[in-house]
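Below is one structure, written out as C-alpha cells; comments come after it.
Chains as they are written, first to last, in this note's numbering: chain V, 1 to 343; chain W, 1 to 292; chain D, 1 to 604.
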C-alpha cells in the first residue's frame with residue numbers, strides 16, 4: 001500500500017502540470033488585445049493606454065512556452081500571480097475565501113450523508129413497495145431540479161416572503177461583531193469561532209445564512225447517495241450471514257441496524273471523490289445564487305472575466321484537492337475492506 | 001441481459017413509464033414548435049420576440065399566456081422553442097462525447113501498455129477540473145453561443161464514458177472468442193469492431209442516455225451565469241436568469257413576479273426528471289447486485 | 001449512540017436558527033452609515049484611480065485644494081486652499097496661465113503630520129511621475145504642459161523616443177527640471193504654471209477628481225512612493241498595480257480614515273477625529289459591494305442598509321417602500337451614444353457579412369455615407385427608449401455635450417423618429433444601390449448592459465421594417481470582446497457611454513469628435529480626414545479660449561455640426577437618482593461627486 005501511495009503522490013505533479021498546460025492552452029485561444037481588457041476597464045482608459053506597449057509589458061503576444069514559462073516559474077517560487085477580479089494575489093484571494101467554502105461544504109456533508117444513507121436504507125428495507133417508489137421519486141425530483149431554480153425559489157419564499165434565510169454569509173451587524181477587537185477569529189469558520197467566543201448570536205446568524213445553501217446542496221445529493229446505499233444494502237440483505245441472523249430470530253430492525261447497514265456503507269466511501277468534484281462544481285451555482293463569498297463564486301467570476309492567474313491558480317488548487325481526496329478514499333477503502341488490493 | 005428484455009422491463013416499470021411519457025410530451029412540443037408558437041422572424045426562430053422595451057416583467061395575459069420576463073421576452077415562446085434547444089444540446093453533446101469516450105476507452109484498453117498509461121493520465125487531467133467550472137472557462141473563451149456551449153461540454157464530458165468503456169473492454173479482451181480472433185490473425189480494427197464493440201457498447205449507451213438530464217442542466221447553468229446562450233435566445237437557463245433580479249418581488253408583494261421563475265423552472269425540471277426517471281429504472285434493471 | 005448525537009446536532013441547529021430568526025431585527029445604529037453598491041475598487045491610490053468605485057473612497061479620505069459648491073458643477077468653494085483663484089481676486093494671472101492657491105494653515109493629516117505647500121507640490125509631481133498607462137494623469141499634463149503624458153515630455157526634453165522607465169539618473173534630472181516648472185511653492189502659496197490657458201483647470205483640481213488629491217509627502221515616502229528625488233523617475237514611472245505602495249493604504253486630510261478594505265466585498269472607514277472642520281456625524285462608514293440587486297433591495301427594506309445603488313430598470317421595485325426616500329431627475333455627467341464606425345474592417349469580421357454591398361453584408365465605408373447614418377438615426381424610436389427603457393429618467397441630447405455645460409441649451413434640436421425620412425435616406429444611400437440590394441449587418445452590445453441591448457434591438461426592429469432586404473442582427477459579447485472589436489475596427493454600430501472626467505464641453509467633444517479621440521480614433525482614416533478639416537480646429541480653439549461667451553459659441557457650433565452630420569446616433573443623458581432611508585438627512589446631488597459623500601449626511 002505504501003508503494004501505491006508513493007506512486008500516486010509521484011503522479012500528482014504530472015497531473016497538476018497537465019491541468020495547468022490545459023488551462024493555459026485554453027486561455028491562449030484568446031487574442032492578446034482581448035486579454036488586455038483585464039487591465040482596461042472603461043473606454044476612458046483607452047486615451048492614455050498605449051495598447052501595443054501594454055501587450056508588450058504583460059508579454060501577451062509572446063509564444064506559448066514563454067508565457068507559460070513565466071507563469072510556471074512564478075508558481076515554483078510560490079507566486080501564483082495577481083488576480084484582477086479579487087484585487088489581491090491569487091494566494092491571498094484563495095485563502096480569504098477558503099474558510100467560507102469549507103464551512104459550507106462541511107455543514108452540507110452532514111445532511112447529505114445522513115439523509116442520503118437513511119433514505120437509502122429505508123428504500124432498501126421497503127424494496128419494491130410503495131414507500132420505496134415514493135422515496136426514490138422524491139429523491140430523483142430533487143436531483144432533477146437545477147440548483148439555480150431551486151435556489152431562486154427558496155430565496156423567493158424563505159427570504160422574500162418569510163424573511164428567514166437571508167443570502168450572504170453574515171448580516172452586517174454580525175460582521176461588525178466578528179471584526180471587532182473583542183472577537184477572536186480562530187478558524188475563520190464563523191460557527192466555530194462564534195462558539196469559541198461564546199457568542200451565540202453570531203453562531204445563530206451564521207447558521208441562518210447557511211440553511212438555504214446547505215438545503216439546496218443536500219436535496220441534490222440525496223438521490224445519488226440513496227441509490228448507492230440502496231443497491232448495496234439490498235445486496236447485503238441477501239447475504240448468508242444476514243439470512244442466518246434472520247433465521248435465528250433476530251428482529252428485523254436489529255438486522256438492518258447492526259449488520260446490514262454497516263456493510264452497506266462501504267461503497268458510499270468509494271464515491272466520495274466523485275461527490276467532492278460535483279460538490280465543488282455545484283458550489284459555483286449555489287454560492288452565486290446565495291451571494292455567498294466563497295471559492296465557487298470567485299471561480300465563476302474569475303472565469304467570466306478571463307482572469308487567467310486566478311483561473312489557473314484555482315484549477316491547480318481544485319485539482320490538487322481532488323487528487324488528494326481520491327487518494328484518501330482509496331486508502332481508507334483498502335483499510336475498511338482488506339479484500340481490496342491496490343494495484 | 002439482452003436489450004429486448006431491458007426494454008420490456010422498462011415499459012413494465014411504472015417509474016420509467018412515467019419518464020418515457022414526459023419525454024414523448026417534450027418531443028411533441030419540440031416537433032410542433034413552429035405551430036404552437038409561430039416565430040415572428042422566420043430567419044431566426046430561436047430568438048424570443050420582444051413584446052416591448054420596458055425592463056419590468058408583465059404578468060400572464062391573453063396575448064402572453066405565461067407573461068413576459070425582464071425586457072419583455074415572451075415566456076411561453078421561450079419555453080416552447082427552448083425545448084428544441086434542450087434536445088439539441090442534450091443529444092449532440094451526449095452523442096459526440098460518448099463517441100469520443102468510446103474511442104478513447106477502447107483504444108486505451110485494447111492496446112494497453114504505454115498507450116493506456118498516457119491516455120488514462122490525460123483522462124485524469126481532464127477529470128481534475130470540476131465539470132461546470134471547466135465549461136465556464138471554455139465558453140467564456142470561445143464566446144457566447146450554443147455551438148460554443150456544446151463544444152465546451154463535449155470537451156469536458158467524455159471522460160466517464162472512456163473509463164467505463166475501458167473497463168468493459170478489459171473484461172472482454174481476455175475472453176476466448178477475442179483471443180481466438182487474434183490468433184486467427186484478424187486485423188485490430190476488425191477485432192475491435194466485430195468482437196469488442198458489439199459486446200460492450202450496450203451499457204455505455206445506457207449510461208449515455210442517463211447523462212441527458214445533467215448535460216441539459218449544465219448547459220442551462222452556463223446560460224444562467226451569462227456565458228451560455230446569446231441574450232434573447234430561447235433557452236430555459238437564460239429565461240431563469242431573466243427572473244433573477246425580480247424574484248423577491250416588491251415590498252408587500254414578494255411573489256409579484258413568480259411567473260418569471262416558475263414556468264421555465266417547471267419546464268427544465270420536468271425535462272431532466274423524465275430522463276432521470278428512465279435512467280434510474282435502467283440502473284435498477286442492469287444492476288447485477290440486484291438480480292436474483 | 002451515533003444517531004443520538006445526530007439528533008442532538010440537528011435539534012441544536014434548529015434551536016439556533018429559530019433563535020436567530022427571532023433575534024434578527026437589529027436596532028439601527030445612528031453612528032454607522034451603511035451604503036450598499038455594486039462593483040469594486042480598482043485601487044486606493046488617488047493617482048492610479050480612474051474608476052468611480054475607487055474615487056468614492058478617495059473622495060471621503062483625501063481632500064483637494066477646492067471643492068464644488070453644493071449642487072453646482074461650475075462654482076467652487078475653497079477646501080485645502082483658503083481662496084478659489086479667479087481673475088477678480090488676482091489669483092489667476094498671466095492671462096490665465098498662472099493659478100495661485102494660498103494653502104490653509106492648521107490642517108493635519110490623520111496621522112498628525114501638518115499640511116504644507118510642499119505636500120501639495122509633492123502630490124502633483126508624484127502623480128505626474130507615476131503616470132500609469134490608461135490612467136487619469138493626462139488631465140494634469142494637458143493643462144500644465146499641453147502634452148498627454150510623461151512619455152511626451154521625455155521625448156520633448158531629450159529629443160528622442162526613450163521610455164521614462166529607461167531613463168538614466170542624469171536624463172531623469174533633466175526631465176524633472178522641466179516637470180518641476182509647472183508647480184512652485186511660494187511662501188504659503190502654491191502656484192501652477194500653465195503653458196497655455198486652459199479654462200477648465202479649476203475643474204480638474206476640484207474635489208471629486210482623485211488625481212487632484214493632496215497626499216502626505218513624508219508618509220508617502222515612508223510607504224515607498226516616489227522619494228522626491230529628481231533622479232529616480234525611471235523607478236517610479238507606471239508601476240504595476242500590485243507593486244504600487246499606495247494601492248491599499250491611505251493617509252489624507254479628509255473627514256474619514258480607511259479602516260479596512262476587502263476588495264469587492266467591503267470598505268470600512270472610521271471618523272477622522274483630528275479633522276480640521278467639524279468632525280463627521282458617523283463613527284463608522286461601511287461601503288458594501290453586493291452585485292445582486294434583490295439582496296441590496298431587501299437590505300434597504302429591512303433597514304440594514306441606509307443607501308443602496310438601484311439600477312434605473314429596477315427603480316419601480318423600491319418606489320413604494322416604507323421609510324425610503326427617492327430623489328430622481330438628477331442630471332449626470334454621462335451620456336449614451338450609438339457610435340458608428342466609418343471604416344469597418346471587413347477582413348475576417350463576421351459582423352459585416354460578405355463585407356460588400358451585395359445584400360449579404362455591408363461594405364467597409366457603410367457608415368461613411370451620410371444617408372446611411374441618417375437612415376439609422378431617423379429609424380430609432382427615441383420616445384420609446386426614454387419612456388420604456390429609461391422610464392422617463394433621462395434627457396435626450398443633440399450632440400456629444402451634456403447639460404448644463406457650455407454649448408447646450410434646453411431648446412437645442414434633438415432627433416425624432418421619422419420612418420418616412422429614414423426610408424428616403426436609405427433610398428439615397430450609395431446612389432440607390434443599397435435600397436435595391438439590401439444589406440446585412442451585426443450590431444454589437446456588451447452583455448449585461450440591457451439599455452445598450454435594447455437600443456440595438458430597437459434599431460433592428462424598425463430598420464428591418466423599412467425594407468425586407470435589410471437584415472440586422474444583434475449580438476451580445478463580453479466587455480473584453482466589445483473593447484477588442486472597437487480597437488480592431490470590427491465595430492459596426494454599437495452603443496457606448498462616456499462618463500465625464502470634468503464638467504467642461506472639451507471633455508465631451510474630444511472623445512467623440514476628435515480624429516484621435518477615445519471613440520473618434522477608432523473610426524478609421526476616412527473619419528480622421530474629415531475630423532481634421534472640420535471639427536479639430538474648433539476643438540483646439542475651444543480649449544485655448546478663455547472668454548466663456550466665445551467658448552459657448554464654439555461649442556454650440558460643434559454641437560450643431562455633430563447633429564447635422566449625424567456623426568453618431570446622439571441618444572440621451574440619463575438622469576440619476578438616489579435611494580435612501582428617510583432617516584438619512586442632508587443629502588443633495590452633485591454630478592461630479594463619484595458616489596457617497598458621508599460627511600454631509602446625518603442619521604439623527
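Glycine included, C-beta positions come from ideal geometry on N, C-alpha and C.
- Per DSSP, reduced to three states, the secondary structure at residue 112 of chain W is coil, with no helix or strand assignment.
- Counting C-beta pairs with one atom in each stretch, the segment 212 to 222 of chain D and the segment 100 to 116 of chain D have three or more that are closer than 8 Å, which means they touch.
- The alpha carbon of residue 71 of chain D has as its nearest neighbour, out of D:590, D:603, D:597 and D:600, the alpha carbon of D:590.
- For residue 248 of chain W, the closest C-alpha among the options W:262, W:172, W:220 and W:210 is that of W:262.
- For residue 159 of chain V, no alpha helix (DSSP H) run applies, since DSSP gives it neither H nor E.
- Annotation for residue 241 of chain W: 224 place their beta carbon closer than 6 Å to its own, counting only its chain and skipping 5 residues before and after.
- Only residues of its own chain outside the window of five on either side were considered, and among them 266, 267 and 268 have a CB closer than 8 Å to the CB of residue 260 of chain D, listed in chain order.
- Taking the C-beta atoms as reference points, residue 375 of chain D is found no nearer than 8 Å to residue 445 of chain D.
- Listed in chain order, the positions of the segment 291 to 304 of chain V with a beta carbon within less than 7 Å of a beta carbon of chain D are 291 and 293.
- In the assembly as shown, residue 45 of chain V is a buried residue. Its beta-carbon has 16 or more other beta-carbons within 10 Å.
- Interface annotation for the segment 74 to 93 of chain W against chain D: empty, criterion Cβ-Cβ distance under 8 Å.
- Neighbours of residue 50 of chain V across chain D, judged by C-beta separation under 7 Å: 133.
- Pairing residue 223 of chain V with residue 142 of chain V gives a Cβ-Cβ distance under 8 Å.
- Sequence-ordered contacts of the segment 476 to 487 of chain D with chain W read 476, 477, 478 and 481 [C-beta pairs closer than 8 Å].
- Fewer than three pairs of CB atoms, one per stretch, sit closer than 8 Å, so the segment 161 to 178 of chain D makes no contact with the segment 72 to 83 of chain D.
- Secondary structure remark: continuous alpha helix (DSSP H) runs of at least 4 residues inside the segment 64 to 152 of chain D, in chain order: 117 to 130 and 138 to 145.
- Not a single CB atom of chain V sits nearer than 8 Å to the CB of residue 147 of chain W.
- The residue among D:500, D:533, D:397 and D:443 with its C-alpha nearest the C-alpha of residue 566 of chain D is D:397.
- For residue 42 of chain V, the nearest beta carbon of chain D is closer than 8 Å to its own beta carbon.
- Interface criterion not met: the Cβ of residue 67 of chain V is under 8 Å from no Cβ in chain D.
- Sequence-ordered contacts of the segment 37 to 59 of chain D with chain V read 40, 41, 42, 43, 50 and 51 [C-beta pairs closer than 9 Å].
- Under the DSSP assignment, residue 262 of chain D falls in the beta strand (DSSP E) whose first and last residues are 256 to 262.
- Exposure of residue 2 of chain V is indicated by the presence of fewer than 16 other C-beta atoms within 10 angstroms of its C-beta.
- By the criterion of at least three beta-carbon pairs nearer than 8 Å, the segment 518 to 533 of chain D is not in contact with the segment 67 to 81 of chain V.
- Contact of residue 235 of chain W with chain V is not assigned, every C-beta pair being separated by 8 Å or more.
- Residues of chain D with a Cβ closer than 7 Å to the Cβ of residue 231 of chain W are, in chain order, 447, 453 and 476.
- Residue 103 of chain V and residue 256 of chain D have their C-alpha atoms spaced approximately 34 Å apart.
- In the DSSP annotation of this structure, the continuous segment of the alpha helix (DSSP H) that includes residue 244 of chain V starts and ends at 240 to 247.
- Taking the C-beta atoms as reference points, residue 344 of chain D is found no nearer than 8 Å to residue 380 of chain D.
- The contact set of residue 124 of chain W on chain V, defined by CB atoms closer than 7 Å, consists of 15 in chain order.
- Of the candidates D:449, D:460, D:40 and D:238, D:238 places its Cα closest to the Cα of residue 126 of chain D.
- The segment 99 to 169 of chain V contains no complete beta strand (DSSP E) run of 3 or more residues.
- Counting only Cβ-Cβ distances below 8 Å, residue 290 of chain D has contacts in chain V at 168 and 291, in chain order.
- Residue 418 of chain D and residue 570 of chain D have their C-alpha atoms roughly 15 Å apart.
- Just so you know, the alpha carbons of residue 545 of chain D and residue 46 of chain D end up roughly 30 Å apart.
- Rounded to whole angstroms, the gap between the alpha carbons of residue 292 of chain V and residue 324 of chain V is 26 Å.
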